[in-house]
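Novice:
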Amino acid sequence: MFAAVTSDCIGCGACEAICPQVFRINNYEIAEAYLNPVPQDAEEATKQAAKSCPVAAILLE
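Residue numbers for the sequence shown follow our numbering, beginning at 18 and rising by one.
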């Protein structure tokens, strides 16, 4: 699985709170998926993070 954060991100931090293994808030105060491919043991948390995004800015492949 691969994760990406679109430019729609508002930097709320929900994804980082749910899955810090894959997501972090960068210096521009927006989220980024910094670990790709997503480790198998983080796939469920990554999916939860995507569902929790208030602006649907997380794309999963």
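Even for Gly, the Cβ is constructed at its ideal location relative to N, Cα and C.
Buried or exposed for V72, going by 16 or more other Cβ atoms inside 10 Å?
Specialist: That one is exposed.
Novice: Going by beta carbon distance, what residues of the same chain come within less than 6 Å of Q38, once the five residues before and after it are set aside?
Specialist: A59
Novice: Three-state secondary structure (DSSP) at E60?
Specialist: helix
Novice: Taking the continuous beta strand (DSSP E) assigned at A20, which residues delimit it?
Specialist: A20 to V22
Novice: According to DSSP, is E46 helix, strand or coil?
Specialist: In the structure shown, E46 sits in coil (DSSP, three-state: anything other than H, G, I, E or B).
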